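Undergrad:
In the working numbering, the protein residues as written are 338 to 795.
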């Protein structure tokens, strides 16, 4: 019988859903023509043949004229209409599975498409008048999976920092030794400037090039290496990178400060922790007891900086303000620096070179109860509780001599509770109670000291 359109478009709804995933999958030749911009040819009327034969002629009527084009044939090209009315029956009959089904075309003439749509090259176009292959080859092309196969090797993920490094490496590929080591008027190299500006990827690439020629620790006019500049600027990630490249930790600037001194003075906790992590993983040695030009270790500097913040907070009072909040934050950071220095092995017994004070003496001078508790919670605190400075004063002498500090009472009580000796004498043959100033608060401190002294004598 005559068909006005291809019966393949009458495939059951369930099967067409499997083949036609989206609008880009077009199995109809008419759809293909519309996709490439060609007008749809008039659909021919094709004759019915036998699908059981492998011969191309089996698709045409026996009465068809020889050497005639299929487009000239007047009857349907499909031999069995009911087969295409229920494609599921064909699958069952041929023992095929839906996973192995798709339509495959055969060699066809070329239909030119508009040259301005895609490329200047001509591409073959499948038209409606082309013959289909034999039945056994009609459903042999596998349907591609919608999702990528699990055995596909995915490219390793690249972080933004890694991408930046690659970009900077390409830019600096031709940088010469002379350019790397050139200094500006302040003695800064490209590496110093990159570190000061916080450009981590650029600093890493420059640092790697400098390390390769043994110039990673070049100093600028303040005798600071690029690593020291990163510490002063609190660029902890850059400091970590430079340490990984081999930057020297035990180095001093023109003020006699090591990187640890700078962290302790400014409260750069993140950078100090980066240094701690580096020496833990690499096994490198760092001198925790190095002294600056004032004879102070990093721990001493951190305690004095903490004292200064505590004193300033006392002067400003308790009302909340932006300045007080900033001071509270700095006090917190300095406290974290002190804790980190202790974890790194800083010694509480170390005395400063000028006066012989320990960190405990320095905390007692400002009645810094927070630090006193921290130091007296250390396992070796008993070795310093009655340690004497060059003047013969103990920490208890220091705390007792304070004037007008509300925390003085708490500091004295804490020291006494942890074993401070109220009968200890300094070089002036003075006991702590003799150093207490006359005031209502001083009288209270004196009573505490004398009460403890009476208990110790009894």
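We put the beta carbon where it would ideally sit given N, CA and C, even for glycine.
The structure displayed is predicted, hence computed values, not measured ones.
DSSP on residue 661, reduced to helix/strand/coil?
TA: Stepping through the chain shown from its first residue, residue 661 is reached at position 324. It is helical.
Undergrad: Just to confirm before moving on: does the CB-CB distance between residue 501 and residue 537 stay below 9 Å?
TA: For the purposes of this step, residue 501 is taken as the residue at position 164 of the chain shown. For the purposes of this step, residue 537 is taken as the residue at position 200 of the chain shown. Yes, these two residues count as a Cβ contact at 9 Å.
Undergrad: With distances taken from CA atoms, which of 540, 589, 497 and 738 is nearest residue 623?
TA: By one-based count along the chain shown, residue 623 stands at place 286. Nearest of 540, 589, 497 and 738 to residue 623, Cα basis: 589.
Undergrad: For residue 761, collect the residues of the same chain with a Cβ closer than 8 Å to its Cβ; drop the 5 residues on either side in sequence, then sort them by chain order.
TA: Taking the chain shown and counting its residues from 1, the one referred to as residue 761 is at position 424. Only 723, 725, 731, 733, 734, 768 and 769 meet the Cβ criterion.
Undergrad: Around the Cβ of residue 629, are there at least 16 other Cβ atoms within 10 angstroms (buried) or fewer (exposed)?
TA: The sequence position of residue 629 within the chain shown is 292, counting from 1. With 16 or more other Cβ atoms within 10 Å, it is buried.
Undergrad: If you measure between the beta carbons of residue 705 and residue 644, is that distance less than 9 Å?
TA: Within the chain shown, the letter at position 368 stands for residue 705. Within the chain shown, the letter at position 307 stands for residue 644. Taking 9 Å as the Cβ cut-off, residue 705 and residue 644 qualify as a contacting pair.
Undergrad: Going along the chain, which residues of its own chain have a beta-carbon closer than 7 Å to the beta-carbon of residue 696, five neighbours each way excluded?
TA: Within the chain shown, numbered from 1, the residue matching residue 696 stands at position 359. These residues qualify, in order along the chain: 636, 637, 640, 685 and 712.
Undergrad: I want to know whether the region 666-682 touches the region 602-615 - three or more CB-CB distances under 8 Å.
TA: yes
Undergrad: Might you give, ordered along the chain, the residues of its own chain that have their beta carbon closer than 8 Å to the beta carbon of residue 557, omitting 5 neighbours on each side?
TA: Within the chain shown, the letter at position 220 stands for residue 557. Answer for residue 557: 520, 523, 524, 525, 526, 529 and 566, listed in chain order.
Undergrad: Buried or exposed: where does residue 495 fall if 16 or more other Cβ atoms within 10 Å of its Cβ makes it buried?
TA: Position 158 of the chain shown holds residue 495. By the 10 Å Cβ count, residue 495 comes out exposed.
Undergrad: Out of 618, 736, 679 and 617, which has the shortest C-alpha to C-alpha gap to residue 716?
TA: The residue you call residue 716 lines up with position 379 of the chain shown. The option with the nearest alpha carbon to residue 716 is 679.
Undergrad: Pick out whichever of 577, 499 and 632 has its Cα sitting closest to the Cα of residue 593.
TA: Taking the chain shown and counting its residues from 1, the one referred to as residue 593 is at position 256. Residue 632 is the option with its Cα nearest to residue 593.
Undergrad: What did DSSP end up calling residue 578 once you bin it into helix, strand or coil?
TA: Taking the first residue of the chain shown as 1, we reach residue 578 at position 241. Here residue 578 sits in helix by DSSP.
Undergrad: Looking only at C-alpha atoms, which of 745, 714, 650 and 766 sits nearest to residue 786?
TA: Working through the chain shown from its first residue, we reach residue 786 at position 449. Looking at the Cα atoms, 745 is the closest of the given residues.
Undergrad: Excluding the 5 residues preceding and the 5 following residue 580 in the sequence, name in chain order all residues of the same chain whose CB lies nearer than 6 Å to its CB.
TA: Taking the first residue of the chain shown as position 1, residue 580 is located at position 243. These residues qualify, in order along the chain: 615.
Undergrad: Output yes or no for whether 9 Å exceeds the beta carbon distance between residue 563 and residue 583.
TA: As a working note, residue 563 is residue 226 in the chain shown. As a working note, residue 583 is residue 246 in the chain shown. Cβ atoms of residue 563 and residue 583: not closer than 9 Å.
Undergrad: Going by C-alpha to C-alpha distance, which of 609, 651 and 595 sits closest to residue 627?
TA: Position 290 of the chain shown, counting from 1, holds the residue named residue 627. Of the candidates 609, 651 and 595, the one whose C-alpha sits nearest the C-alpha of residue 627 is 595.
Undergrad: With DSSP collapsed to three states, give me the class of residue 680.
TA: Mapped onto the chain shown, residue 680 falls at position 343. Three-state DSSP puts residue 680 in a helix.
Undergrad: Out of 550, 608 and 497, state which residue places its alpha-carbon closest to the alpha-carbon of residue 512.
TA: Numbered from its first residue, the chain shown carries residue 512 at position 175. The shortest C-alpha separation from residue 512 is found at 550.
Undergrad: Which residues in the same chain have their Cβ closer than 8 Å to the Cβ of residue 805, if we skip the five residues on either side of it in sequence?
TA: Beyond the ends of the chain as shown, which are 338 and 795, falls residue 805; an answer cannot be given.
Undergrad: Between which two residues does the alpha helix (DSSP H) harbouring residue 537 extend?
TA: Taking the first residue of the chain shown as position 1, residue 537 is located at position 200. Start and end: 537-549.
Undergrad: Check whether the Cβ atoms of residue 778 and residue 741 lie closer than 9 Å to each other.
TA: Here the question's residue 778 lines up with position 441 in the chain shown. Here the question's residue 741 lines up with position 404 in the chain shown. Against a cut-off of 9 Å, the Cβ pair of residue 741 and residue 778 comes out as a contact.
Undergrad: Using a beta-carbon distance below 9 Å, is residue 613 in contact with chain C?
TA: Going by chain labels, chain C is absent from the structure shown, which holds only one protein chain.
Undergrad: Do residue 651 and residue 781 have their C-beta atoms closer together than 9 Å?
TA: The sequence position of residue 651 within the chain shown is 314, counting from 1. The sequence position of residue 781 within the chain shown is 444, counting from 1. No, Cβ-Cβ distance for residue 651 and residue 781 is not below 9 Å.
Undergrad: Can residue 625 and residue 693 be called in contact, C-beta distance under 9 Å?
TA: In the chain shown, counting from the first residue as 1, residue 625 sits at position 288. In the chain shown, counting from the first residue as 1, residue 693 sits at position 356. No, the Cβ-Cβ distance between residue 625 and residue 693 is not below 9 Å.
Undergrad: Between the beta-carbon of residue 573 and the beta-carbon of residue 611, is there less than 9 Å?
TA: Mapped onto the chain shown, residue 573 falls at position 236. Mapped onto the chain shown, residue 611 falls at position 274. Result yes, Cβ atoms of residue 573 and residue 611 sit closer than 9 Å.
Undergrad: Do you know offhand how far residue 674's Cα is from residue 506's?
TA: Along the chain shown, read from residue 1 onward, the residue named residue 674 stands at position 337. Along the chain shown, read from residue 1 onward, the residue named residue 506 stands at position 169. Spanning the two alpha carbons is a distance of roughly 35 Å.
Undergrad: How many whole angstroms separate the CB atoms of residue 772 and residue 738, which I take to be in contact at a CB cut-off of 8 Å?
TA: Indexing the chain shown from 1 puts residue 772 at position 435. Indexing the chain shown from 1 puts residue 738 at position 401. Between residue 738 and residue 772 the Cβ distance is about 4 Å, and since that is below 8 Å, they are a contact.
Undergrad: Give me, in chain order, the residues of the same chain whose beta-carbon lies closer than 6 Å to that of residue 774; leave out the 5 immediate sequence neighbours on both sides.
TA: Walking along the chain shown from the start, residue 774 turns up at place 437. Same-chain partners within the cutoff: 740.
Undergrad: Tell me whether residue 674 sits in a helix, a strand or coil according to DSSP, three-state version.
TA: Translated into positions along the chain shown, residue 674 becomes position 337. In the structure shown, residue 674 falls within a helical segment according to DSSP collapsed to helix, strand and coil.
Undergrad: Can you give me the C-alpha to C-alpha distance between residue 559 and residue 784, rounded to a whole angstrom?
TA: In the chain shown, the residue the question calls residue 559 occupies position 222. In the chain shown, the residue the question calls residue 784 occupies position 447. Roughly 53 Å separates the two Cα atoms.
Undergrad: Check whether the Cβ atoms of residue 569 and residue 542 lie closer than 9 Å to each other.
TA: Translated into the one-based positions of the chain shown, residue 569 becomes position 232. Translated into the one-based positions of the chain shown, residue 542 becomes position 205. Against a cut-off of 9 Å, the Cβ pair of residue 542 and residue 569 comes out as no contact.
Undergrad: Using the Cα positions of residue 658 and residue 646, report the straight-line distance between them to the nearest angstrom.
TA: Counting from 1 along the chain shown, the entry for residue 658 is found at position 321. Counting from 1 along the chain shown, the entry for residue 646 is found at position 309. Cα to Cα, residue 658 sits roughly 15 Å from residue 646.
Undergrad: What are the boundary residues of the alpha helix (DSSP H) that residue 735 is part of?
TA: As a first step, residue 735 is located in the chain shown; it is residue number 398 there, counting from the start. Taken as a continuous stretch (DSSP letters only), the alpha helix (DSSP H) holding residue 735 covers 732-737.
Undergrad: Output the distance between the C-alpha atoms of residue 648 and residue 663, rounded to the nearest integer angstrom.
TA: Translated into the one-based positions of the chain shown, residue 648 becomes position 311. Translated into the one-based positions of the chain shown, residue 663 becomes position 326. If I take the Cα positions, the gap works out to 14 Å.
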